[in-house]
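*Asks:* Handing you this structure, nothing more for now.
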Amino acid sequence: IKQPADSFYYIKKKERGSLLFAGLIYLWVVIVRILSLYLTGFIFNPFSDVAYIPVGNEIVMTVLLLAIWNAANYLVSTISDGEGRVRDVLIGSAYSLFPYALFVLPITLISNVLSLNEVFLYSFAMNIVWFWTGLMLFIMVKEIHNYSFWETVRNVLITIFTMALFVLTGYILYVLFNQLFEFISAIFQEVRLRG
Numbered sequence: 001i002k003q004p005a006d007s008f009y010y011i012k013k014k015e016r017g018s019l020l021f022a023g024l025i026y027l028w029v030v031i032v033r034i035l036s037l038y039l040t041g042f043i044f045n046p047f048s049d050v051a052y053i054p055v056g057n058e059i060v061m062t063v064l065l066l067a068i069w070n071a072a073n074y075l076v077s078t079i080s081d082g083e084g085r086v087r088d089v090l091i092g093s094a095y096s097l098f099p100y101a102l103f104v105l106p107i108t109l110i111s112n113v114l115s116l117n118e119v120f121l122y123s124f125a126m127n128i129v130w131f132w133t134g135l136m137l138f139i140m141v142k143e144i145h146n147y148s149f150w151e152t153v154r155n156v157l158i159t160i161f162t163m164a165l166f167v168l169t170g171y172i173l174y175v176l177f178n179q180l181f182e183f184i185s186a187i188f189q190e191v192r193l194r195g
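This is how it looks when you write it as structure tokens:
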């Protein structure tokens with residue numbers, strides 16, 4: 001957290017960091033996301049009742065977002081002369097999530113003692129965490145792939161666009177297979193009724 005550029009350099013050049021620890025960070029990020037939904041103060045919670053929190057959806061969305069980021073960043077970097085390997089991207093992205101993993105839960109707990117007049121404190125703290133995490137991801141892309149500043153900006157924007165394409169493609173495939181399933185089940189029902 002103190003010297004992210006050096007940390008990412010060591011991940012890439014000196015083989016520092018482990019996939020196991022990166023996996024534990026990803027798991028902790030998912031747990032923090034779910035806990036933050038349950039423990040956020042009533043005033044700041046997007047769900048009026050914790051019984052309505054779609055835990056399964058949140059887990060799937062968080063895991064998919066992390067997986068799509070890693071896949072898209074690696075693929076985009078591969079075709080745009082990036083030097084990072086899959087291992088480097090996975091570990092670097094996990095380490096970039098440290099600000100989120102460390103600070104969201106304490107901010108969430110503090111939200112229980114804040115009033116509506118102090119919404120600025122909660123929003124400001126969360127925005128700092130999101131900005132810090134985004135900055136760490138930006139530095140990760142720059143250092144892992146050995147890009148200049150503008151190459152990094154270009155890579156991140158193309159990565160976000162690629163993520164959107166992955167989501168769009170997944171949605172289209174879901175709709176097509178859903179219609180195919182309905183069509184096949186309608187045929188079986190028709191055959192069963194006629195037979």
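99 is the number that the numbering used here gives to position 99 of the sequence shown; each next residue is one higher, with no gaps.
Each residue gets a CB set at the ideal place from its N, CA and C atoms; glycine is no exception.
Given a cut-off of 8 Å on the beta-carbon distance, is the pair GLY41 and SER111 in contact?
*Replies:* In contact: GLY41 and SER111 (Cβ atoms closer than 8 Å).
*Asks:* The alpha helix (DSSP H) with TYR10 in it runs from where to where?
*Replies:* That run of the alpha helix (DSSP H) goes 4-13.
*Asks:* Quick one, are the C-beta atoms of THR133 and ASN73 less than 8 Å apart?
*Replies:* Result no, Cβ atoms of THR133 and ASN73 do not sit closer than 8 Å.
*Asks:* Taking C-beta to C-beta, are SER185 and THR108 nearer than 8 Å?
*Replies:* In this structure, THR108 does not lie closer than 8 Å to SER185 by Cβ.
*Asks:* To the nearest angstrom, how far is the alpha carbon of GLY23 from that of VAL29?
*Replies:* For GLY23 and VAL29, the distance between alpha carbons rounds to 10 Å.
*Asks:* Identify the continuous alpha helix (DSSP H) that holds GLU151 and give its terminal residues.
*Replies:* Its alpha helix (DSSP H) spans residues 149-194.
*Asks:* Once the 5 residues before and after VAL50 are set aside, which same chain residues still bring their CB inside 6 Å of it?
*Replies:* Taken in chain order, the residues that qualify are TYR38.
*Asks:* Quick check: the Cα distance between PHE8 and PHE183, rounded to an integer number of angstroms?
*Replies:* Their Cα atoms are separated by approximately 51 Å.
*Asks:* Could you please give the first and the last residue of the uninterrupted alpha helix (DSSP H) stretch that includes ILE59?
*Replies:* Element bounds for ILE59: 55-79.
*Asks:* For THR108, which three-state DSSP category applies?
*Replies:* Note: THR108 maps to helix in three-state DSSP.
*Asks:* Quick check: the Cα distance between ALA164 and ASN117, rounded to an integer number of angstroms?
*Replies:* Roughly 37 Å separates the two Cα atoms.
*Asks:* Could you tell me whether the Cβ atoms of LEU64 and THR162 are closer together than 8 Å?
*Replies:* No, the Cβ-Cβ distance between LEU64 and THR162 is not below 8 Å.
*Asks:* Can you tell me whether ILE144 is helix, strand or coil according to DSSP?
*Replies:* Note: ILE144 maps to helix in three-state DSSP.
*Asks:* On the three-state DSSP scale, how would you describe ASN117?
*Replies:* DSSP places ASN117 in helix when its eight states are reduced to three.
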